[in-house]
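Numbering (the working numbering), first residue to last: 64 to 265.
Even glycine gets a Cβ: it sits at the ideal position worked out from N, Cα and C.
Being a predicted model, the structure only gives us computed values, none of them experimental.
Take a look at the structure set out below.
This is how it looks when you write it as structure tokens:
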């Protein structure tokens with residue numbers, strides 16, 4: 064764990080409860096429409112009780128965003144079967160990322176759509192973390208192009224499209240027949256193989 068995460072992600076149960084309450088509040092009313100008083104009220108606390116853990120609402124958002132991006136990255140990285148064929152890697156990685164967005168849709172909605180509320184320094188930290196997850200997907204796309212399994216005219220463009228597709232899950236999940244994160248993962252794995260024109264090499 065980095066020095067930054069040591070500062071914002073603590074093992075304190077009280078801090079974890081504050082983050083959970085803030086996720087629910089931000090997801091329901093948006094960052095701008097939520098006050099520290101709103102968050103504290105969900106925990107039957109006074110706003111002052113939050114300050115020993117988080118000095119401001121923005122710092123709390125950063126903690127939530129840092130933790131979410133870290134967990135998503137670790138989940139995707141652990142799921143990547145690096146020794147497998149690019150098609151299997153793509154399906155597995157995309158399924159993992161999409162299902163994570165669905166399973167943690169409230170937190171994901173906050174960390175994906177409230178980034179502009181962060182300070183410049185905090186925003187830069189999160190951008191670096193997002194690039195690390197994007198790099199995993201890009202490595203799979205590059206491997207598929209090199210092996211001849213993917214027909215992709217623009218590796219960067221298709222990588223961004225795949226990332227955007229997965230990230231957007233948190234905006235609509237759950238909806239219609241899609242209430243199971245694993246079903247979403249399977250659907251998006253199929254969509255990803257179509258997007259890269261995947262086919263088996265002889």
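(1) Please check the pair residue 89 and residue 97, which I expect to be a contact at CB under 8 Å, by giving their CB distance rounded to whole angstroms.
(2) Answer yes if the region 177-185 comes into contact with the region 229-237, meaning at least three C-beta pairs across the two stretches below 8 Å, and no otherwise.
(3) For the region 201-212 against the region 143-156, do three or more pairs of beta-carbon atoms, one drawn from each stretch, fall closer than 8 Å, so that the two count as touching?
(4) Determine the burial state of residue 190: buried for a count of at least 16 other Cβ atoms within 10 Å of its Cβ, exposed for fewer.
(5) With burial defined as no fewer than 16 other Cβ atoms inside 10 Å of the residue's Cβ, what is the status of residue 262: buried or exposed?
(6) Between residue 180 and chain C, is any beta-carbon pair separated by less than 7 Å?
(7) CB-CB under 6 Å to residue 83, same chain, minus the five flanking residues each way: which ones, in chain order?
(8) Where in the region 103-165 do unbroken runs of the alpha helix (DSSP H), each at least 4 residues long, occur, reported from the N-terminal end onward?
(9) Can you find the residues in the same chain that come closer than 7 Å, C-beta to C-beta, to residue 86, ignoring five residues on each side of it along the sequence?
(10) Could you work out which residue in 108, 260 and 250 is closest to residue 210 when comparing CA atoms only?
(11) Thinking C-beta only, is residue 165 closer than 7 Å to residue 215?
(12) Here's a check: name, in chain order, each residue in its chain whose Cβ is nearer than 7 Å to the Cβ of residue 251, leaving out the five neighbours to either side.
(13) Could you tell me whether the Cβ atoms of residue 110 and residue 100 are closer together than 7 Å?
(14) Mind checking residue 115: buried by the 16 CB within 10 Å criterion, or exposed?
(15) Leaving aside the five residues before and after residue 175 along the sequence, list all residues of the same chain whose C-beta is less than 7 Å from its C-beta, in chain order.
(16) For the alpha helix (DSSP H) that contains residue 247, what are its first and last residues?
(17) Under the DSSP definition of a beta bridge, which residues are partnered with residue 241?
(18) Tell me the DSSP secondary structure of residue 215 in three-state form.
Quick look at the numbers:
(1) Translated into positions along the chain shown, residue 89 becomes position 26. Translated into positions along the chain shown, residue 97 becomes position 34. About 6 Å; that satisfies the 8 Å criterion.
(2) Touching, no, given that fewer than three Cβ pairs across the two stretches are closer than 8 Å.
(3) As far as the Cβ criterion goes, the region 201-212 touches the region 143-156, which means the pair count is three or higher.
(4) Stepping through the chain shown from its first residue, residue 190 is reached at position 127. The residue is exposed, with fewer than 16 neighbouring Cβ atoms inside 10 Å.
(5) Position 199 of the chain shown holds residue 262. It counts as exposed.
(6) No chain C appears in this structure, which consists of one protein chain only.
(7) Along the chain shown, read from residue 1 onward, the residue named residue 83 stands at position 20. Annotation for residue 83: no residue places its beta carbon closer than 6 Å to its own, counting only its chain and skipping 5 residues before and after.
(8) Runs of the alpha helix (DSSP H) lying entirely within the region 103-165 and spanning at least 4 residues, in chain order: 120-142.
(9) Numbered from 1 along the chain shown, position 23 holds the residue referred to as residue 86. Within the same chain, residue 86 has close Cβ partners 127, 169, 170 and 173.
(10) Reading the chain shown from its first residue, position 147 is the one you call residue 210. Considering only alpha carbons, the answer is 260.
(11) Numbered from 1 along the chain shown, position 152 holds the residue referred to as residue 215. Numbered from 1 along the chain shown, position 102 holds the residue referred to as residue 165. Against a cut-off of 7 Å, the Cβ pair of residue 165 and residue 215 comes out as no contact.
(12) Here the question's residue 251 lines up with position 188 in the chain shown. Only 157, 158, 161, 228 and 229 meet the Cβ criterion.
(13) As a first step, residue 110 must be located in the chain shown, where it is residue number 47. As a first step, residue 100 must be located in the chain shown, where it is residue number 37. Yes, they are a contact pair.
(14) Taking the chain shown and counting its residues from 1, one reaches residue 115 at position 52. Residue 115 should be labelled exposed.
(15) In the chain shown, counting from the first residue as 1, residue 175 sits at position 112. Short of 7 Å from the beta carbon of residue 175, and not among the five residues preceding or following it, lie these beta carbons of its own chain, in chain order: 230 and 233.
(16) To locate residue 247, count along the chain shown from 1; it is residue 184. Start and end: 244-258.
(17) Translated into positions along the chain shown, residue 241 becomes position 178. Checking the DSSP bridge columns, you'll see residue 241 partnered with 238.
(18) Counting from 1 along the chain shown, the entry for residue 215 is found at position 152. Coil at residue 215, not helix or strand.
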